[in-house]
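First comes the structure, then the notes that go with it.
Structure, rendered in structure tokens:
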């Protein structure tokens, strides 16, 4: 029976029952963390052979005679460019391979936009009204970065196939201070949404008032499929932008952080020839070059997209049961009550959960009091503030499955308790 | 006999003789490069066992239970902080370990000064008069970075024990737009100068007009001794600044780029507690963390400062003969002519050469025409302009020794030819 159909007495009984369950859980003195999208031990073990791909007796020349132990090759070794081109469905000429963190590449490009300006435009730091579009719910580190740089963050609603493009089109067309938008086009963080062809094409055809407007296309989860039989390809934004006459409008990012090692992987950026020249012009000042040995290690081990896909199928086999466990418990505990909705993503690292009543912050606080940490409510919104106080991000990969089950059960009870309190005016 | 004592006829004969030698060299169709401070193949081979320090069956936890394969530990693993603390003669609490490139750490800190401001001061980008002190001759990439960020570059003369501190003290005391100074305190690039205790103390006691004035102390060559029996320690700038009541005035940098692999090593920064908090506040936005596996690999292999010093002695054994070969040929060809001076460094990667006549650019151009590339004259000065047209940086590490001998011989002949032309008014 839905809570909305219950009498006050029934609601009181339901609250009492769930508060009793909560007390039982509290006595277990739990200490669990489902707050961040981290790979687990077993996933990390999958990649240990990457470490053996370069040894003391290995040849360290890449195929074209470049010694990966020495200076040189600012934009990455050719073999790594080819691998990332395959991953991102583009060509090696569009790829810059650099560092261990795609977030750092985003930060460096944004610093460049702030200080130097993009392709001859004014430095964005001198536009006191600078703004950035943030589809919500979204990734807290994206929003935090633009907040750090002093952009005013404008929320854009997410639909089932991507951001609401009517809103995006209207905003960027009218306001020259809107300098960019954050996108996670495949298995979005946290909704798991996959952008439709229509949405990708509408992005490519945007007519922004700002010549230095950029789409930050964070394709972090492009190969992170939970069911490899059911991969959902998206259109290549770079070629769509080229076709639409907007070749310089997008920076695409990805990394192997959740393919090989988190922090010990390789990151890449793909963009237009003009943008790559622009990026290399400051990167040549900013670095003596990236770690080519780690690029070579990854290329030798994974070889090509087929190698990556085989490897990601092993990841999927490990984490899919965790997602299913969460979904099963949420169904069992909350199904039919009419008090919440949640996603069943086909890839990525997160489940996005929405309470109907404005109780999300109470739920995560209550869970924390009971020893289980979720991403704080609000974190998926700019400035950490969810106006509906509804969205919670669940990250089910890192913990072991029994702990995930316990944590999800606690979570579901907390949702019921806080919703009931809200309905009862407590 | 010195050229200055020769008759015009003698000078003409000398020119004819050396031009003939140059023609002979030209016919050898040389293609040599002594332009950059790169380690050679044999040096890189010294570190191949570093690659075996982490294998598929290695434990990847650092000593304190941190899994180096996963996210976390923004400022580096504790073991790496300890190693760099030993290298920099400081404590682990002063150390931030991050990335593969100390130049990148400098760039990131300077971006932060530009965009955010340091410890509550205004962003430096809003000071249109911002300036930076550049001891000359110095490192082209340092000067290029401050030029990139729009600082006006002010030259400061180098003496035999460091920058001219009378000049430095006077400038920073008077001008609040002077935001920093570049220093390579041990085996300076390119002079090989080692800063005296007096110079280090005068740096620590500076009274800058700008509260956000910083010393960028690039201790790149602190363990890069050519004669390990004759290491020349310098004072620890961090503790000297603390003693002088200027704890926040310095950022110190180093890396293993020329210890293990160029680009495949580990970089570190050391500074005051307040500066480290300030740095971590933007680094937490800029990265998901650095490559802890490469830190662990280096720590497992080198262990401690003693391990580093043993390793550097092997580097020294390989490159000292190259430095000696250059010095021997310069002595033989140019000794007693009174037309040039050059350094005999006890460490580092460079020999600094000064012509007496203003012919440095002609010399490097002539060498290039004969197939031998030196760092372009002027590169050791801000904006690439040496007012005396005198200084040339020789980098004798990368080429094989026979090529270095040939290149140096050509170089010495070119110096004679161009000086003679100058003296003869040609």
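Chains as they are written, first to last, in our numbering: chain A, 1 to 426; chain B, 427 to 852. Backbone N, C-alpha and C define an ideal beta-carbon position, used for all residues, glycine too.
* Rounded Cβ spacing between residue 260 (chain A) and residue 224 (chain A) (contact assumed at less than 8 Å) -> Not a contact, Cβ separation roughly 13 Å.
* **residue 355 (chain A) to residue 334 (chain A) span [Cα, whole Å]** => 11 Å
* Option in A:8, A:15, A:9 with minimal Cα separation from residue 419 (chain A) -> A:15
* Amino acids of chain A, ordered along the chain, whose beta-carbon sits closer than 7 Å to that of residue 465 (chain B) -> By Cβ distance, chain A contributes 70.
* With 8 Å as the C-beta to C-beta threshold (strictly closer), list the residues of the segment 120-138 of chain A near chain B in chain order. => Within the segment 120-138 of chain A, 123, 125 place their CB atoms closer than 8 Å to a CB of chain B, listed in sequence order.
* Asked: Whose CA, out of B:451, B:480, B:453, lies closest to the CA of residue 726 (chain B)?
  -> Answer by Cα proximity: B:480.
* Asked: At what residues does the beta strand (DSSP E) containing residue 799 (chain B) begin and finish?
  -> Residue 799 (chain B) -> beta strand (DSSP E) spans 798-800.
* Cβ-based neighbour list, residue 293 (chain A), same chain, cut-off 8 Å, excluding 5 preceding and 5 following -> 54, 60, 68, 69
* Which word fits residue 127 (chain A), buried or exposed, when buried means at least 16 other C-beta atoms lie within 10 angstroms of its C-beta? -> buried
* Asked: Cβ of residue 276 (chain A) less than 8 Å from any chain B Cβ?
  -> no
* Asked: Which residues in the same chain as residue 814 (chain B) place their Cβ atom closer than 7 Å to its Cβ, once the five residues preceding and following it in sequence are excluded?
  -> 784
* Of the residues B:538, B:573, B:531, B:463, which one's Cα is nearest the Cα of residue 808 (chain B)? -> Of the candidates B:538, B:573, B:531, B:463, the one whose C-alpha sits nearest the C-alpha of residue 808 (chain B) is B:573.
* Hey, would you say residue 192 (chain A) sits closer than 8 Å to residue 353 (chain A), going by beta carbons? -> no
* **Whole-number beta carbon distance between residue 121 (chain A) and residue 286 (chain A), since they are thought to touch under 8 Å** => Actually they do not touch by this definition, with Cβ atoms about 20 Å apart.
* Would a check of beta-carbon distances place residue 736 (chain B) closer than 8 Å to chain A? -> no
* Any contact of the segment 583-602 of chain B with the segment 624-637 of chain B, i.e. 3+ C-beta pairs under 8 Å? -> yes
* Sorted by chain position, which residues of the same chain lie with C-beta nearer than 6 Å to residue 275 (chain A)'s C-beta, five sequence neighbours on each side aside? -> Counting only Cβ-Cβ distances below 6 Å, and skipping sequence neighbours, we find 248.
* Among residues of its own chain, excluding the 5 on either side of residue 464 (chain B), which ones have a beta-carbon nearer than 7 Å to its beta-carbon? -> The residues 688, 823, 824, in chain order, have a CB closer than 7 Å to that of residue 464 (chain B) in the same chain once the five nearest residues on each side in sequence are set aside.
* Asked: What are the boundary residues of the alpha helix (DSSP H) that includes residue 767 (chain B)?
  -> Run containing residue 767 (chain B): none in the alpha helix (DSSP H); it sits in the beta strand (DSSP E), 766-768.
* To do: Quick one: using the 10 Å Cβ neighbour count with 16 as the cut-off for buried, is residue 79 (chain A) buried or exposed?
  => Classification for residue 79 (chain A): buried.
* Within 10 angstroms of its Cβ, does residue 252 (chain A) collect 16 or more other Cβ (buried), or is it exposed? -> That one is buried.
* Terminal residues of the continuous beta strand (DSSP E) containing residue 251 (chain A)? -> 250-255
* **Terminal residues of the alpha helix (DSSP H) in which residue 790 (chain B) lies** => 786-795
* Quick one: any contact between the segment 746-762 of chain B and the segment 512-520 of chain B, if contact means 3 or more CB pairs under 8 Å? -> no
* **chain A contact for residue 711 (chain B) (CB, 8 Å cutoff)** => So yes, residue 711 (chain B) belongs to the interface.
* Could you name the residues of the same chain whose beta carbon sits closer than 6 Å to that of residue 816 (chain B), not counting the 5 residues immediately before and after it, in chain order? => Excluding residues within five positions, the ones whose Cβ falls inside 6 Å are 780, 781, 786.
* To do: Check the Cβ of residue 687 (chain B) against every Cβ in chain A and list those closer than 7 Å, keeping chain order.
  => 69, 293
* Asked: Under a three-way DSSP split, which group does residue 432 (chain B) fall into?
  -> coil
* If you drop the 5 nearest sequence neighbours on each side, which residues of the same chain put their C-beta closer than 8 Å to that of residue 528 (chain B)? -> 644, 646, 679, 680, 681, 683, 693, 694, 695
* Asked: By how many angstroms is the C-alpha of residue 181 (chain A) removed from the C-alpha of residue 416 (chain A)?
  -> 35 Å
* Name the chain A residues that come within less than 8 Å of residue 529 (chain B), Cβ to Cβ? -> Within chain A, the residues near residue 529 (chain B) are 286, 287, 288.
* **Residue from B:474, B:444, B:512, B:621 whose Cα sits closest to the Cα of residue 731 (chain B)** => B:512
* **Contacts around residue 745 (chain B), its chain only, beta-carbon distance under 6 Å, and the 5 residues preceding and following it disregarded** => For residue 745 (chain B), where only same-chain residues beyond five positions count, the Cβ hits under 6 Å are 823.
* To do: Report all residues from its chain with a CB closer than 7 Å to the CB of residue 488 (chain B); omit the five preceding and five following residues, and keep chain order.
  => 494, 503, 504, 505, 722
* Asked: Would you say residue 584 (chain B) reaches chain A, if we count a Cβ-Cβ gap shorter than 8 Å as a contact?
  -> Output row for residue 584 (chain B): interface = no.
* To do: Give the DSSP-derived three-state secondary structure of residue 383 (chain A) in the structure shown.
  => helix
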